[in-house]
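Below: one structure, written as structure tokens.
Written out as structure tokens, the structure reads:
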């Protein structure tokens, strides 16, 4: 990959979701099939464009329901946009939730294996990296115990550790930096910085201005599915804080 | 635009891990563990044998316990793996919404993890057969083929129902009802020979029934399964698998919106 090339490009992306209003009765299904009743849709994103370059770190800020997680879902290829184009180059580590697929009855080691293969590691990669993953997590001897005996913090640490060892080109982070204790958190940031230094792109959703400032240079502000602003992280955070003040003053 | 799933993982490795974890999770906390795989059919076999030899005697069928088991083993595998396959996408909704792995792996792993039980139960069946004085013959070589067809069939069905279950959550109950009906419509506890001619041809198109018939041909009568039966089994299994693959492929891009 050449330097300064674009690894993520969203152009004019719109995304809507059907609204069920809690109803899933046969009548609704039949009406939807017949195309009657033009099912109401909720627009999560409207005409959003975003570019992330090689080695660049971008934060997505905005209120709850602004569409931040939907953007990540679209970049990860999980959700299909209604319109617009999406181009992504490289291996993605979607840290949208830690420890996905973890089974409480399996041991930590067994869970590492399943989780690693879900995130795209091959058998060989999993074998060579699992010791490093377990070391980094700091779980110690507990790794042979079933996951249900773990504390919430330990599960998060193990999940984060697996994701960090997939050697991604792009990392998507959705509010998962509140991981473990201060010491582990510091190691996570350190690890992320190493990735950044090696050219990994980062797209990060967080309500913590501090996290955003530490990790990202660029930020975009989303509001009700629309992109309000793109720019340097401080400028965007100030604008967002300003908007929040304006709303609360009303 | 085409759907791009950003996943460059190891398909077989993931499939194997999910299959093994399904299997382990189910039995790890049971004190009898995998023995349940054996106990279940044995109990049902005992009950059915009691009913149909003591309450409603059925003198025409020799070796009734083994006869029953030839029906129960395929029936159990079919119903359990179809139910597990159907709920697999919905039960793993959080995963589907957050990790871009190939979706069809979930119903596939659900079916395959039941294959381990199947092997154990087939082992039980063989043991009882040998105890009943039956000896292996060359027709036993047909068994892997007809079982493979059965796996294709249930995989195809699971692809359809697991995808539909995301949109229409009642799918699971539909599957359970069909399974209940099948217990009566598949010749599990009665012989195919008592089925009137008018229905016999239709029966053979049901792959579960066809499988039971072929198993009894091979194991109890030591004869080759009729070619027509095998063709019907092959035809309906591959048709269902192809249909399942098409349905699943068309529906999976919308899973995210509906989970």
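Protein chains in written order, with this note's numbering: chain A, 1 to 250; chain B, 251 to 509. Idealized CB from N, CA, C, for every residue including glycine. Predicted, not measured: the structure shown is a model, and the values here were computed from it.
In DSSP terms, what residue i is bridged to
{"i": "residue 223 (chain A)", "result": "A:226"}
{"i": "residue 231 (chain A)", "result": "A:219"}
{"i": "residue 43 (chain A)", "result": "A:16"}
{"i": "residue 53 (chain A)", "result": "A:6"}
{"i": "residue 201 (chain A)", "result": "A:170"}
{"i": "residue 58 (chain A)", "result": "A:203, A:218"}
Closer than 8 Å at the beta carbon, the chain B residues around residue i
{"i": "residue 110 (chain A)", "result": "271, 274"}
{"i": "residue 17 (chain A)", "result": "507"}
Contact with chain A by residue i, beta-carbon distance below 8 Å
{"i": "residue 499 (chain B)", "result": "no"}
{"i": "residue 428 (chain B)", "result": "no"}
{"i": "residue 268 (chain B)", "result": "yes"}
{"i": "residue 348 (chain B)", "result": "yes"}
{"i": "residue 251 (chain B)", "result": "Unreliable positioning characterises residue 251 (chain B) in this predicted model, as indicated by a pLDDT of 36, which lies under 50. The coordinate reading is nonetheless provided below. Cβ-Cβ to chain A under 8 Å: yes for residue 251 (chain B)."}
{"i": "residue 489 (chain B)", "result": "no"}
Test: residue i CB closer than 8 Å to a CB of chain B
{"i": "residue 161 (chain A)", "result": "no"}
{"i": "residue 152 (chain A)", "result": "no"}
{"i": "residue 253 (chain A)", "result": "As shown, chain A starts at 1 and ends at 250. That puts residue 253 (chain A) outside it, with no answer to give."}
{"i": "residue 71 (chain A)", "result": "no"}
{"i": "residue 97 (chain A)", "result": "yes"}
{"i": "residue 114 (chain A)", "result": "yes"}
{"i": "residue 123 (chain A)", "result": "yes"}
{"i": "residue 91 (chain A)", "result": "yes"}
{"i": "residue 48 (chain A)", "result": "no"}
{"i": "residue 3 (chain A)", "result": "The pLDDT assigned to residue 3 (chain A) is 49, lower than 50, so where the model puts this residue is not dependable; a value taken from the coordinates is nonetheless given after this. False, the Cβ-Cβ gap to chain B never drops below 8 Å."}
Partners in chain A for residue i, counting only beta-carbon separations shorter than 7 Å
{"i": "residue 278 (chain B)", "result": "105"}
{"i": "residue 257 (chain B)", "result": "120"}
{"i": "residue 264 (chain B)", "result": "117, 118"}
{"i": "residue 503 (chain B)", "result": "80"}
Contacts that residue i makes with chain B (C-beta to C-beta distance below 7 Å)
{"i": "residue 201 (chain A)", "result": "Near residue 201 (chain A) there are no residues of chain B at all, since even the closest Cβ is about 13 Å away, more than 7 Å."}
{"i": "residue 101 (chain A)", "result": "345"}
Chain-ordered neighbours of residue i on chain A, where CB pairs are closer than 8 Å
{"i": "residue 414 (chain B)", "result": "Going along chain A, no residue has its Cβ under 8 Å from residue 414 (chain B), so there is no contact; the nearest lies around 10 Å."}
Distance cut-off 7 Å: residue i Cβ against heavy atoms of the ligand FAD
{"i": "residue 102 (chain A)", "result": "As presented, the structure is devoid of all ligands, the ligand FAD included, so that no description of it is given."}
| query | Using a Cβ cut-off of 9 Å, which residues of the segment 324 to 346 of chain B contact any Cβ in chain A, in chain order? | reply | 342, 344, 345, 346
| Hey, which unbroken runs of the beta strand (DSSP E) at 3 residues or more fall wholly within the segment 168 to 193 of chain A? | 170 to 174
| Interface positions of the segment 455 to 480 of chain B facing chain A (Cβ-Cβ less than 7 Å), listed along the chain | none
| said: For the segment 352 to 374 of chain B, list every residue whose C-beta sits within 7 Å of some C-beta in chain A, in sequence order. | reply: none
| field | Entirely enclosed alpha helix (DSSP H) segments - the segment 362 to 430 of chain B, minimum 4 residues | value | Correct list: 392 to 417.
| field | Minimum length 3: unbroken beta strand (DSSP E) runs contained in the segment 68 to 139 of chain A | value | 83 to 88, 92 to 95
| request: May I have a chain-ordered list of the beta strand (DSSP E) segments no shorter than 3 residues that lie completely inside the segment 295 to 348 of chain B? | output: none
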